[in-house]
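Enquirer:
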Amino acid sequence: MEQALQEALAACKENEVPVGAVLIDEQTHPIARAHNSPLTTNDPSAHAEILALKKAGEIKKNYRLPGCIMITTLEPCIMCMGALVQARIDGLVFGCRDPKSGAAISRIDFFKDIPCFNHQFWIKSDILQDRCRTLLQDFFSAKRNQ
Numbered sequence: 507m508e509q510a511l512q513e514a515l516a517a518c519k520e521n522e523v524p525v526g527a528v529l530i531d532e533q534t535h536p537i538a539r540a541h542n543s544p545l546t547t548n549d550p551s552a553h554a555e556i557l558a559l560k561k562a563g564e565i566k567k568n569y570r571l572p573g574c575i576m577i578t579t580l581e582p583c584i585m586c587m588g589a590l591v592q593a594r595i596d597g598l599v600f601g602c603r604d605p606k607s608g609a610a611i612s613r614i615d616f617f618k619d620i621p622c623f624n625h626q627f628w629i630k631s632d633i634l635q636d637r638c639r640t641l642l643q644d645f646f647s648a649k650r651n652q
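Right under this line is the structure:
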């Protein structure tokens, strides 16, 4: 999660919503890291999780990433959850919940509310949640005060 927080800080420096992600392999070695970049790339799909999956796919030479775990500072949205299913990851770890658009457990309980997927993965939430939440709150507070 520390590496994901570093990525989130990098996003913040680029005036992007501070979300960072790291994909690790079975031996807990980082394969790919990324941060939100939709503003700088003009790409609505440039969420941290999507970008980390793309990098990992290029490195592994495969779009399927079994045995991997996604670590992200914010609960993924429904687009990112769908991509994680398609990548066939083993698990998801996230920092803080997203009450507005969190699709892992908060707004949508992905695997319970949409039970049609032939692949599921385990989910662990609230890891360093205060640090992850504070980073987001400070970012949006600064935006409102501008």
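Last residue of the sequence shown: 652 in the numbering used here, with the numbers rising by one and none dropped.
Glycine included, every Cβ here is placed at the ideal spot set by N, Cα and C.
Note that this is a predicted model, so its numbers are computed, not measured.
Report yes or no: do three or more beta-carbon pairs, one from the region 531-550 and one from the region 572-580, lie closer than 8 Å?
Expert: Short answer: they touch.
Enquirer: Residue 567 by DSSP, collapsed to three states: which one?
Expert: Within the sequence shown, the letter at position 61 stands for residue 567. Correct three-state label for residue 567: coil.
Enquirer: Please classify residue 627 as buried or exposed, where buried requires at least 16 other C-beta atoms within 10 Å of its C-beta.
Expert: Stepping through the sequence shown from its first residue, residue 627 is reached at position 121. It counts as buried.
Enquirer: Starting from the Cα of residue 625, find the closest Cα among 632, 617 and 631 and give me that residue.
Expert: Here the question's residue 625 lines up with position 119 in the sequence shown. Ranking 632, 617 and 631 by Cα distance to residue 625 puts 617 first.
Enquirer: Which stretch, first to last residue, makes up the alpha helix (DSSP H) that contains residue 544?
Expert: Stepping through the sequence shown from its first residue, residue 544 is reached at position 38. Per DSSP, residue 544 belongs to the alpha helix (DSSP H) from 544-547.
Enquirer: Since residue 598 and residue 589 should fall inside the 8 Å C-beta cutoff, what is the C-beta to C-beta distance between them, to a whole number of angstroms?
Expert: Numbered from its first residue, the sequence shown carries residue 598 at position 92. Numbered from its first residue, the sequence shown carries residue 589 at position 83. About 11 Å separates the Cβ atoms of residue 598 and residue 589, ruling out a contact at the 8 Å cut-off.
Enquirer: Quick check on this structure: which residue in 596, 553, 511 and 526 has the alpha carbon closest to the alpha carbon of residue 584?
Expert: Along the sequence shown, one-based indexing puts residue 584 at 78. Nearest option by C-alpha distance: 553.
Enquirer: Which term fits residue 520, buried or exposed, when burial requires 16 or more other beta carbons within 10 angstroms of its beta carbon?
Expert: Counting from 1 along the sequence shown, the entry for residue 520 is found at position 14. Residue 520 counts as exposed, since fewer than 16 other C-beta atoms from the protein chains shown sit within 10 angstroms of its C-beta.
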